[in-house]
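Residue numbers (the UniProt record's numbering): 1 to 249.
Just so it is clear, CB atoms sit at the ideal spot from N, CA and C, and this is done for glycine as well.
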Amino acid sequence: MEYSLPILLSALAMTLIVGVRYLLVSGAFAWATRVRYPKLYAGLEPQMRREIGWSLASAAIYGIPAGIVAWGWDSQGWTLIYRNWADYPLWYVPVSIFLYLFAHDTWFYWTHRLMHRPWWFKKAHAVHHESRPPTAWAAMSFHPWEALTGALVIPILVFIIPIHVGAIGVVLSVMTVMGVTNHMGWELFPRFMVNGKLGNWLITATHHQKHHDAYRGNYGLYFRFWDKMCGTDLGLGDWGSSPSRRNSA
Ligand SMILES: [Zn+2]
Ligand SMILES: [Zn+2]
């Protein structure tokens, strides 16, 4: 019982952090979209309100397990998160970041494929695909059941793979920024990168938009590895009838 208040406060604080982080990052990219392509979200206001509603519900679903684990880390010595850079060799820092991203990508790919089976799609994933086309606000627009599958990944990984607390920050930043930019309806990264070797293996908006257009294939989160391995890679999208959205950089 003596632990219930601090656990509750930690879960609340983390929910607030995730929610505010979402509003700031999605808000920033929605604003950038308005500056760059003023008409891109025209008429999508009711959809954007829905996306914000689902995303804020997801913030609580992400925040509660994260808050419980953060409390356990700080006060009970749970998890393999370390504070002292000297605890592991420096080369391990980028390796740990890659391991987290790859593990999350693997989990996302297979659960996302499952979510496209008719029963799961109707029960949960349809919420995410109600965004046609998605906007910068759709980053966490998931049905609570689907949000729950995503919410447990990092809180479980911190018990399995050692990581520096700063590297966790990098992983969470990549997660947030890519979640927003992959849905905002235009390509942020320069074309030479998207069409080059990096884009061959990394997922950006041009790849994920095609998932939303086709309702199948391109299931990955960060890497095209599983899509290529399993024959579900549809290649890069062409931004349909809106070539003006393509990044001309
Ligand atoms: Zn999907
Ligand atoms: Zn999506």
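Measure the alpha-carbon distance for residue i versus residue j and round it to whole angstroms.
i, j, result
"W137", "T176", "12 Å"
"E2", "I68", "14 Å"
"A11", "S75", "14 Å"
"I163", "G72", "16 Å"
"L5", "T15", "15 Å"
"R34", "W54", "22 Å"
"E51", "A151", "18 Å"
"Y37", "F29", "11 Å"
"V170", "P118", "35 Å"
"R113", "T206", "19 Å"
"L172", "Y222", "13 Å"
"G217", "G199", "17 Å"
"V174", "Y100", "11 Å"
"K122", "A13", "32 Å"
"G235", "W31", "29 Å"
"P133", "A42", "11 Å"
"V95", "H104", "14 Å"
"W239", "L9", "44 Å"
"K197", "I156", "32 Å"
"L24", "V194", "26 Å"
"F102", "E187", "22 Å"
"M229", "W91", "28 Å"
"residue 250", "A57", "Because the chain here runs from 1 to 249, residue 250 falls outside it and cannot be looked at."
Tell me which same chain residues have a C-beta within less than 6 Å of the C-beta of residue i, skipping the five on either side of it?
i, result
"I209", "Reading the sequence as shown, one finds Gln at residue 209 and not Ile. Closer than 6 Å at the Cβ level, and outside the excluded window around Q209, lie G237."
"Y109", "Y219, G220 and W226"
"N84", "none"
"F189", "T204"
"H211", "N218"
Spatial neighbours of residue i within its chain, please: C-beta separation below 7 Å, excluding the five flanking residues on both sides.
i, result
"residue 259", "Within the shown structure, residues of the chain are numbered from 1 to 249, placing residue 259 beyond reach of any answer."
"E45", "none"
"A124", "M115, H143, W145 and E146"
"I97", "A167, V170 and V171"
"W120", "L114"
"V93", "H164 and A167"
Would residue i be called buried (16 or more neighbouring beta carbons within 10 Å of its own) or exposed?
i, result
"S248", "With a pLDDT of 42 at S248, under the threshold of 50, the modelled position of this residue cannot be trusted; read the value that follows with caution. The residue in question, S248, is exposed, as its Cβ has fewer than 16 Cβ neighbours within 10 Å."
"I160", "exposed"
"S131", "buried"
"R49", "exposed"
"S215", "At residue 215 the sequence reads Tyr, which differs from the Ser that was named. Y215 should be labelled exposed."
"D87", "exposed"
"V20", "exposed"
"M178", "buried"
"P243", "The pLDDT assigned to P243 is 44, lower than 50, so where the model puts this residue is not dependable; a value taken from the coordinates is nonetheless given after this. P243 comes out exposed."
Look at residue i and residue j and say whether their C-beta atoms are less than 8 Å apart.
i, j, result
"L165", "F142", "Rather than Leu, the amino acid found at residue 165 in this sequence is Val. No, they are not a contact pair."
"A147", "I61", "yes"
"N182", "I203", "yes"
"R224", "D213", "no"
"Y22", "A66", "no"
"G231", "L40", "no"
"I17", "G63", "yes"
"T149", "T106", "no"
Under 8 Å between C-beta atoms, does residue i make it to chain D?
i, result
"K123", "Although the question refers to chain D, the structure presented lacks it and comprises just one protein chain."
Leaving out the 5 sequence neighbours to the left and right, which residues in its chain are closer than 8 Å to residue i when beta-carbon positions are compared?
i, result
"T79", "V69, G72, W73, V158 and F159"
"Q47", "E130, S131, R132 and T135"
"Y82", "Y88, P162, I163, H164 and V165"
"residue 305", "Given that the chain is displayed from residue 1 to residue 249, the structure contains no residue 305 and the question cannot be resolved."
key: Closer than 7 Å to ligand 2: residues, by C-beta to nearest heavy atom, in chain order   = Neighbourhood of ligand 2, defined by CB distance below 7 Å to any of its heavy atoms: H128, P134, A138, N182, H183, H208, H211 and H212, in chain order.
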